[in-house]
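Right, one structure below, let's go through it.
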Amino acid sequence: MGAHQDDTDGGVRFAALPDSVEGYGGRGVDGAAYCPPGGYLFRDKAGDTWWIIFQVSPDPGSHGPKVRGDVLGCSEAYDELVHVRVLASDVLREDADSAFHQQAPSSYEEAARVAASIPRGVKEP
């Protein structure tokens with residue numbers, strides 16, 4: 000649970016099996032982590048730490064440069080459930096990556112605001 004490994008793009012991935020995830024409709028998580036200044040964990044106002052990841056949609060039509068998916072907040076958990084919060088759903092990865100790169104959030108709350116600003120559900124014709 001919460002396995003972290005190198006991403007193929009040189010970053011870090013966060014993964015958790017469905018039976019160890021709460022709050023994502025029975026789905027597991029496996030996505031590329033966004034990085035705040037100083038590491039991969041975003042701290043919230045309560046002092047808890049979160050991974051913010053982009054998880055590719057399971058839709059078979061979502062691939063290539065226009066891949067769609069969800070921006071998720073995943074609690075850092077050891078020997079307990081990973082709590083997942085959907086911060087943005089059905090967004091283009093390039094839009095999410097661009098927003099996180101340009102706005103460089105450093106806290107969970109800032110990351111949630113960045114995710115809320117990403118355009119949603121606009122499909123390519």
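Just so it is clear: in the sequence shown, position 46 is 45 by numbering that gives the first Met the number 0, and no numbers are missing.
By construction, the Cβ of each residue, glycine as well, lies at the ideal position given by its N, Cα and C atoms.
Since residue 30 and residue 53 are thought to touch, with beta carbons under 8 Å apart, how far apart are those beta carbons, to the nearest angstrom?
-> Looking up residue 30 in the sequence shown gives position 31. Looking up residue 53 in the sequence shown gives position 54. That belief holds up - the Cβ atoms of residue 30 and residue 53 are roughly 5 Å apart, short of 8 Å.
What do you reckon, are the CB atoms on residue 69 and residue 85 nearer than 8 Å?
-> Reading the sequence shown from its first residue, position 70 is the one you call residue 69. Reading the sequence shown from its first residue, position 86 is the one you call residue 85. In contact: residue 69 and residue 85 (Cβ atoms closer than 8 Å).
Please work out which residues of its chain come closer than 7 Å, Cβ to Cβ, to residue 35, disregarding the five sequence neighbours upstream and downstream, and give them in chain order.
-> As a first step, residue 35 is located in the sequence shown; it is residue number 36 there, counting from the start. Closer than 7 Å at Cβ, skipping near neighbours: 41, 104 and 105.
Of all the options 116, 112 and 108, which has the alpha carbon lying nearest to the alpha carbon of residue 45?
-> Locating residue 45 in the sequence shown gives position 46, where the first residue counts as 1. Nearest of 116, 112 and 108 to residue 45, Cα basis: 108.
From residue 101 to residue 114, what distance separates their C-alpha atoms?
-> The residue you call residue 101 lines up with position 102 of the sequence shown. The residue you call residue 114 lines up with position 115 of the sequence shown. Residue 101 and residue 114: Cα-Cα distance of roughly 12 Å.
Contact check, residue 90 vs residue 57, beta carbons under 8 Å = Here residue 90 refers to the residue found at position 91 of the sequence shown. Here residue 57 refers to the residue found at position 58 of the sequence shown. No, these two residues do not count as a Cβ contact at 8 Å.
In the DSSP assignment, find the beta strand (DSSP E) that holds residue 89 and state where it starts and stops.
-> Here residue 89 is taken as the residue at index 90 of the sequence shown, counted from 1. That run of the beta strand (DSSP E) goes 81-91.
Same chain, Cβ closer than 8 Å to residue 124, neighbours up to 5 away in sequence not counted = Walking along the sequence shown from the start, residue 124 turns up at place 125. Only weak support is given to the placement of residue 124: the predicted model assigns it a pLDDT of 47, under 50, and the question is left unresolved by the model.
Can you tell me where the beta strand (DSSP E) with residue 55 in it begins and where it stops?
-> Taking the first residue of the sequence shown as position 1, residue 55 is located at position 56. Segment 48-55, the beta strand (DSSP E) holding residue 55.
Would you decide whether residue 24 is buried or exposed? Buried here means 16 or more other CB atoms lie within 10 Å of its CB.
-> Here the question's residue 24 lines up with position 25 in the sequence shown. Per the 10 Å Cβ criterion, exposed.
DSSP beta-bridge partners for residue 72?
-> For the purposes of this step, residue 72 is taken as the residue at position 73 of the sequence shown. Answer by DSSP bridge pairing, in chain order: 51 and 84.
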